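Sequential numbering of the sequence shown, starting at 57, is according to the numbering used here. Glycine included, C-beta positions come from ideal geometry on N, C-alpha and C. All of these numbers come straight from a predicted model, not from anything done at the bench.
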Amino acid sequence: MKSSHASFWKGVVVVTDPAWGDNGKGKVIDVASEYANVVVRYNGGPNAGHTVRNSYGEFGLHLVPSGIFHPKVINIISTKVVVNPFSLVEEIENLQKKGVKISGKNLLVSEGAHLIMPWHRKRDTLAEKTRGGSAIGTTGQGIGPAYEDRASRKGLRVGDLLRRNFEELFDRELVWQERLTRVMDGNEAKNSKEQYYDRDHILKDFKKVRALLSPMIKNTLEVIWKNFDAGKNILGEAGQGALLDLDLGGYPFVTSSNPGVAGFSISTGISAKHVNKVIGVLKAYTTRVGGGPMPTELHDEIGEHFVKEGREFGVTTGRRRRCGWIDIPAMKYGARVAGVDRIAMTKLDILDKLKEVKICVGYTVNGKKYKDITTFDPEFISRAKPILEKMKGWQEDTSKIRDIKKLPKNAKKYIERVEALLGLPINIVSVGPDREETMYRK
Ligand code: IMP
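Below, the structure written as C-alpha cells:
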C-alpha cells in the first residue's frame, strides 16, 4: 500500500470539507499520515470532533491532529487555532492512557494561538441565549468569543503560559472578563460581590497545564517552514467545513474561522500556490448540525436511516445531525470557497440498503432554477427547493469491498454521476471507519 499511494500524498496536501463538517476528515488524515512528515491542524478549536478508528481504539479527537497515531509524524496545532488548554491536556492524557506516545517531539502548539478560557465558554452560552429563536446552535466551546478577543487584540495566547508574569496577565484579563460577563448576563446593576470565575481554581489548573504543555509550546512556523523548505510532506487538517466559513459561508450560521485552503495559508504562512492538492472530504449523503437552512434535509424514514446507519451524532456535543440527500449546488459552492480540487467520498456503505438514491442537482428559488449558486445567504437558501434526480440503488454490502473495481454497478454509476455534477474527480472512496476500508480510484 505504501509505495503505491505515496505519490498521491506528496508535497503539501490540505484536507478540508466543502460542506458543514463531520464528513470524515479525521479518518482520511489518519490514513494519509502514513506518508506525512508533518500534520498541521490549522483552524477552529475543540468544536471539531474528528473520529479515528485504528489499532489503538476509537477516538474522538478535538484539538490533537489526527496524525498523532503515526509515531514519526510531527503534529502541529498552528497559530489560527483557538486552544482550550484544559481540554487539550485531558485529550492528551486520554490518548496516552491508551498507549499513544505524545511529547514535545511529536506534538507542538503554536505560541501565537489564542487560549480559550472559562469566560469564553460562558460568553458563548450567554450570547446564544440572547439570540433566542435565531440562535446559531454553536458547540458551546467558546470558539466565537475567543476569536472575537483575538480580532480585537485582547486575551491570552499559548505563549503567555511560559511568561514569568503570567499571573499578572491573567489577573488583568480576569477583571475585564468579569465585568463583560456581568454586563452580558444583565447583572451589572446588582451590587452583588458574586464572581463568575474562581481565580485560584483556574490558576491551580494552569499548573498542570504548564507542566504538560510547556515542552510543546513553540514558534511552529519555524518547524513548518523548515519542513516545507526541505520538500517534506505536509498535511493540513481543517476543522469544520466551507459552508461554515466565517466570511463566505452561510453567515451568521457559521463558525468563526476559515476551514478552506485560505485558512491553511493564514495559519501556516504557506501560500495556496504552494499547495499541491486540496482534498474535499464529502459523505455520500449530506449532514449538518446547528441552526441555519439545509435544502435537502429529510424528516422521513430515509433521514432516520442516515442517522441510525451512519451514527450521525456529534462527536463534540452528542447532538443528532440533520441528514439529507447529497446537495450538489451547496457542495460545489463550498468546494469553490475552500479551493477544493478533488474529492474523497466517505460512508458510501450507508446507502447500501436503499432501493433508490437521490441527488440534489439544483434548486428552485422563487420559481427560478439554479444549478450553481454564488451565495449561501440563509434568506436565499431557506427558500431553495431541491431538484432531485433519482437513481437505482445497489442493495449490496459494499463494506467488505477493498477493490474499487468490484463495487456494484449502480454504486459506480452513483459515484460517476456525483463526480460529473461536481466537476471534480473523486479520488478516494471509503466504505467504513477503518484504515483498510479506503479505496483509491485513480
Ligand atoms: P461554533 O463553531 O461552536 O461557534 O458553532 C458555530 C456553528 O458551527 C454551529 O452550527 C455548529 O454546529 C457548527 N460547528 C462547529 N464545529 C463543527 C464541527 O466540527 N462539525 C460540524 N459543525 C460544527
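Checklist entry - Any heavy atom of the ligand IMP within a distance shorter than 7 angstroms of the CB on F432? => result Within the sequence shown, the letter at position 376 stands for residue 432. Not under cutoff, so the answer is no.
Checklist entry - Under the three-state reduction of DSSP, which class applies to Y252: helix, strand or coil? => result On the sequence shown, residue 252 is found 196 positions in, with the first residue counted as 1. If DSSP states are grouped into helix, strand and coil, Y252 belongs with coil.
Item to check | Backbone CA spacing between K58 and P141 [nearest angstrom] | outcome: For this step, residue 58 is matched to residue 2 along the sequence shown. For this step, residue 141 is matched to residue 85 along the sequence shown. Residue confidence for K58 is low, a pLDDT of 47 falling below 50, so the modelled location carries little weight and cannot support an answer.
Next on the checklist: Using 8 angstroms as the threshold, is the C-beta distance between G348 and P271 below it?
Outcome noted: Taking the sequence shown and counting its residues from 1, the one referred to as residue 348 is at position 292. Taking the sequence shown and counting its residues from 1, the one referred to as residue 271 is at position 215. Taking 8 angstroms as the Cβ cut-off, G348 and P271 do not qualify as a contacting pair.
Checklist entry - What's the C-alpha gap between K263 and R97? => result Here residue 263 refers to the residue found at position 207 when the sequence shown is read from its first residue. Here residue 97 refers to the residue found at position 41 when the sequence shown is read from its first residue. Between K263 and R97, the C-alpha separation is close to 25 angstroms.
Checklist entry - In three-state DSSP terms, what is E224? => result One-based indexing of the sequence shown puts residue 224 at position 168. Helix.
Checklist entry - CB G295 to CB G116, shorter than 8 angstroms? => result Numbered from its first residue, the sequence shown carries residue 295 at position 239. Numbered from its first residue, the sequence shown carries residue 116 at position 60. Going by C-beta atoms, G295 is not nearer than 8 angstroms to G116.
Next on the checklist: Does P481 pass the burial test, meaning 16 or more other C-beta atoms within 10 Å, or should it be called exposed?
Outcome noted: Mapped onto the sequence shown, residue 481 falls at position 425. So P481 counts as exposed.
Checklist entry - For T135, is the beta carbon positioned less than 7 angstroms from some heavy atom of the ligand IMP? => result Within the sequence shown, numbered from 1, the residue matching residue 135 stands at position 79. No, the beta carbon of T135 sits no closer than 7 angstroms to any heavy atom of the ligand IMP.
Checklist entry - Short check: CB of V84 to CB of K288, under 8 angstroms? => result Counted from its first residue, the sequence shown places residue 84 at position 28. Counted from its first residue, the sequence shown places residue 288 at position 232. Not a contact, by the Cβ cut-off of 8 angstroms.
Checklist entry - Going by DSSP, which residues form a beta bridge with H106? => result Here the question's residue 106 lines up with position 50 in the sequence shown. L117, per the DSSP bridge assignment.
Checklist entry - For A202, which option in D216, I172, G188 has the closest C-alpha, if you only look at C-alpha atoms? => result Reading the sequence shown from its first residue, position 146 is the one you call residue 202. If we check each option's Cα against that of A202, I172 comes out closest.
Next on the checklist: Looking at the ligand IMP, does it come within less than 7 angstroms of D303, judged from the CB to the closest heavy atom?
Outcome noted: Numbered from its first residue, the sequence shown carries residue 303 at position 247. No, since every heavy atom of the ligand IMP falls outside the 7 angstroms radius drawn around the Cβ of D303.
Checklist entry - Using the beta-carbon count (16 or more within 10 Å), is G423 buried or exposed? => result Taking the first residue of the sequence shown as position 1, residue 423 is located at position 367. So G423 counts as exposed.
Next on the checklist: Can you check which of these residues, K260, I384, N110, F64, is closest to T343 by C-alpha distance?
Outcome noted: By 1-based counting over the sequence shown, the position of residue 343 is 287. Selected option, being the one with the closest Cα: I384.
Checklist entry - Is any heavy atom in the ligand IMP found nearer than 7 angstroms to the beta carbon of V71? => result What you label residue 71 is simply residue 15 of the sequence shown in a count that begins at 1. Because no heavy atom of the ligand IMP lies under 7 angstroms away, the Cβ of V71 does not count as near it: no.
Next on the checklist: Cutting at 7 angstroms between CB atoms, please list the residues of its own chain near V409, excluding the five before and the five after it.
Outcome noted: By one-based count along the sequence shown, residue 409 stands at place 353. Sequence check: residue 409 is Lys here, not Val. Cβ neighbours of K409 beyond the five flanking positions: Q451.
Next on the checklist: Within 8 angstroms, do at least three Cβ pairs link the segment 320-331 to the segment 58-71?
Outcome noted: yes
Next on the checklist: On the criterion of 16 or more Cβ atoms from any shown chain inside 10 Å, does T420 qualify as buried, or is it exposed?
Outcome noted: Within the sequence shown, residue 420 is the residue found at index 364, counting from 1. It counts as exposed.
Next on the checklist: Using only the alpha-carbon positions, how far apart do D216 and G189 sit?
Outcome noted: Here residue 216 refers to the residue found at position 160 of the sequence shown. Here residue 189 refers to the residue found at position 133 of the sequence shown. In a straight line, the C-alpha of D216 is about 38 angstroms away from that of G189.
Next on the checklist: Quick check: does the Cβ of T194 come within less than 7 angstroms of any heavy atom belonging to the ligand IMP?
Outcome noted: Walking along the sequence shown from the start, residue 194 turns up at place 138. Yes, the beta carbon of T194 sits closer than 7 angstroms to at least one heavy atom of the ligand IMP.
Checklist entry - Heavy atom of the ligand IMP less than 7 angstroms from the Cβ of D78, yes or no? => result Walking along the sequence shown from the start, residue 78 turns up at place 22. True, at least one ligand heavy atom lies under 7 angstroms from that Cβ.
Next on the checklist: Going by DSSP in three states, A400 sits in which element: helix, strand or coil?
Outcome noted: As a first step, residue 400 is located in the sequence shown; it is residue number 344 there, counting from the start. A400: strand per DSSP, three-state reduction.
Next on the checklist: Whole angstroms are fine: how far does the CA of V145 sit from the CA of L163?
Outcome noted: Translated into positions along the sequence shown, residue 163 becomes position 107. Translated into positions along the sequence shown, residue 145 becomes position 89. Their Cα atoms are separated by approximately 12 angstroms.
Checklist entry - Based on the DSSP secondary-structure assignment, which residues constitute the bridge partners of S494? => result To locate residue 494, count along the sequence shown from 1; it is residue 438. A small fix is needed here, since residue 494 is Thr in this sequence, not Ser. Answer is S486, bridged to T494.
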